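What follows is a set of notes on a single structure, which appears directly below.
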Amino acid sequence: MISNQILQSTIDGLSEITKAELSVIDAEGNVLATNFQENVNFATLAKGFATSPADSQEIQGYQFFKIYDELQLGYILVVLGSTEDTYTVGKIAAFQIQTLLIAYKERFDKDNFVKNLLLDNLLLVDIYNRSQKLRIETNARRVVIITETNIDNEATALESLKNMFSNKSNDFVTAVDEHNLIVVKRLEDNEDYETVRSVAEQVYELFNNKESKEIIHVSYGTIVNEIREVSRSYKEAKMALDVGKIFYDDQDVIAYSALGIGRLIYQLPIPLCKMFIKEIFDGQSPDDFDEETITTINKFFENSLNVSETSRQLYIHRNTLVYRLDKLQKSTGLDLRVFEDAITFKIALMVVKYMKYVEESI
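If you count the sequence shown from 1, position 181 lands on 568 in the working numbering, and the numbers rise without skipping.
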């Protein structure tokens, strides 16, 4: 149904043009929107008119018009006056609201369809049948972009995002829970991942209010070519959102294709992770390392295992760095100067991060 705010705005506009007093009520006579100068109780009149076979009727100096939602009575329009001009104004106003109702219903149906499409709640035959009914192109390039924020007013955030894409009739903006806002972006043939990245960054900037310090993450999946594949792009974007928060928390916008080994670790069962960590660290945990050791390890990895560059950036002598690496080798059995050991150690650190994230999420 149309919101009362939209109904009020519509009859205010019509009244300004026609100078008529209008009111929209339901079948029980409850006023939904009005610009009548006086308060009128329509309960009895509305109930009588709603059950009558007439689509329009003059009652006690008012013109009543029925507005249908498909075959059901949706609204009753009331116009003050009983002249022929009043009747014409009422017919025009009723037609306008009827058109709005159809448009909003189609919008609702599309939103409902997109939600079920994302969540894999539709059979393949239903996807194509409903796409055809809603006039949604099935063979089109699309990608799913997800925004996660801790903004309290979800409705306001969703409306802001819809306004951003309001001039793109082939894009869909919806939400499947209270924190994730979703854009199903339609791409032209000449648009690629650079375009997707740009759009995702614009979405981030839309909600990036540094003063309120809202937590914002934006992710996107891979580009798909058919509507039945949209759910896959959504699942990829959802995974990118989770994996990004675990391993790439310094990045505001993350792509599924950029997840690297983090994507594999994210899919490991926790018992296997615990077994792996126990084998690598023999009961220890990287959390037990002091801050100096952690800083040294991270900087060594950042500089691609380059001892000279790492010691320079840490402002320590090369021999001091070698001493720290030797000390780490004695406690863990892994020499970070050896590529294979460095890879093992790096994966172990990521596994520990993943395990902590899962434990905190429970």
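Glycine included, C-beta positions come from ideal geometry on N, C-alpha and C. Predicted model only: the values in this text are computed from it and were never measured.
Measuring CB to CB, does residue i end up less than 8 Å from residue j?
{"i": "lysine 497", "j": "leucine 521", "result": "yes"}
{"i": "tyrosine 449", "j": "valine 465", "result": "yes"}
{"i": "methionine 742", "j": "phenylalanine 634", "result": "no"}
{"i": "serine 594", "j": "alanine 544", "result": "Reading off the sequence shown, one finds phenylalanine at residue 594, where the question assumed serine. A contact, by the Cβ cut-off of 8 Å."}
{"i": "isoleucine 463", "j": "phenylalanine 423", "result": "no"}
{"i": "valine 530", "j": "glycine 647", "result": "no"}
{"i": "asparagine 567", "j": "glutamate 616", "result": "no"}
{"i": "valine 725", "j": "valine 709", "result": "no"}
{"i": "serine 518", "j": "isoleucine 614", "result": "yes"}
{"i": "leucine 394", "j": "alanine 414", "result": "no"}
{"i": "tyrosine 653", "j": "aspartate 629", "result": "yes"}
{"i": "arginine 351", "j": "alanine 527", "result": "The chain is shown from 388 up to 749; residue 351 falls before or after that span and cannot be answered."}
{"i": "glycine 468", "j": "alanine 430", "result": "no"}
{"i": "tyrosine 580", "j": "leucine 505", "result": "no"}
{"i": "aspartate 442", "j": "lysine 453", "result": "yes"}
{"i": "threonine 680", "j": "leucine 715", "result": "yes"}
{"i": "serine 672", "j": "valine 739", "result": "yes"}
{"i": "serine 618", "j": "aspartate 713", "result": "no"}
{"i": "threonine 405", "j": "valine 476", "result": "yes"}
Can you list, in chain order, the residues of its chain with a C-beta nearer than 6 Å to that of residue i? Leave out the 5 residues immediately preceding and following it.
{"i": "phenylalanine 559", "result": "Val501, Val571"}
{"i": "glutamate 541", "result": "Glu565"}
{"i": "leucine 432", "result": "Ile446"}
{"i": "threonine 561", "result": "Asp498, Val501, Lys502, Ile569"}
{"i": "glutamate 598", "result": "Residue confidence for glutamate 598 is low, a pLDDT of 48 falling below 50, so the modelled location carries little weight and cannot support an answer."}
{"i": "threonine 473", "result": "Gln450, Val466"}
{"i": "glutamate 588", "result": "Val640"}
{"i": "glycine 649", "result": "Val630, Phe634"}
{"i": "leucine 548", "result": "Val560, Leu568"}
Quick one: what's got a C-beta closer than 8 Å to residue i's C-beta in the same chain, skipping five residues either side?
{"i": "phenylalanine 732", "result": "Ile667, Ile684, Thr719, Leu721, Leu723"}
{"i": "serine 698", "result": "His704, Arg705, Thr707, Leu708"}
{"i": "isoleucine 610", "result": "Arg528, Arg529, Val530, Leu574, Asp579, Tyr580, Val583, Ser620"}
{"i": "valine 563", "result": "Lys502, Leu505, Leu506, Ile569"}
Taking the beta carbon of residue i as the centre, do at least 16 other beta carbons fall within 10 Å, making it buried, or is it exposed?
{"i": "glycine 627", "result": "Contrary to the premise, residue 627 reads as alanine rather than glycine in this sequence. Classification of alanine 627: buried, given that the 10 Å Cβ count is 16 or more."}
{"i": "isoleucine 532", "result": "buried"}
{"i": "glutamate 457", "result": "exposed"}
{"i": "serine 439", "result": "exposed"}
{"i": "arginine 494", "result": "exposed"}
{"i": "isoleucine 749", "result": "exposed"}
{"i": "isoleucine 657", "result": "exposed"}
{"i": "glycine 416", "result": "buried"}
{"i": "leucine 409", "result": "buried"}
In chain order, what residues of the same chain lie with their CB nearer than 7 Å to the CB of residue i, ignoring the 5 residues before and after it?
{"i": "glycine 631", "result": "His604, Ser606, Gln638, Ile641"}
{"i": "isoleucine 755", "result": "The requested residue 755 is not part of the displayed model; the chain covers only 388 to 749."}
{"i": "tyrosine 744", "result": "Ile633"}
{"i": "valine 586", "result": "Ile532, Lys572"}
{"i": "glutamine 444", "result": "Phe436, Phe451"}
{"i": "valine 427", "result": "none"}
Following a CB-centred definition, is residue i positioned closer than 7 Å to any heavy atom of the ligand FAD?
{"i": "arginine 573", "result": "As presented, the structure is devoid of all ligands, the ligand FAD included, so that no description of it is given."}
Considering only residues of the segment 578-614, which uninterrupted beta strand (DSSP E) runs meet the minimum length of 3 residues and lie entirely inside it, listed in chain order?
603-607
Is it true that the segment 514-530 meets the segment 473-488, where meeting means three or more beta-carbon pairs spaced less than 8 Å apart?
no
With three or more beta-carbon pairs closer than 8 Å as the criterion, would you say the segment 698-707 touches the segment 653-665?
no
Return the chain-ordered ranges of every alpha helix (DSSP H) run that is complete within the segment 426-506 and spans a minimum of 4 residues.
430-438, 471-505
Which ranges would you report for the alpha helix (DSSP H) in the segment 623-661 if only whole runs of at least 4 residues count?
648-653
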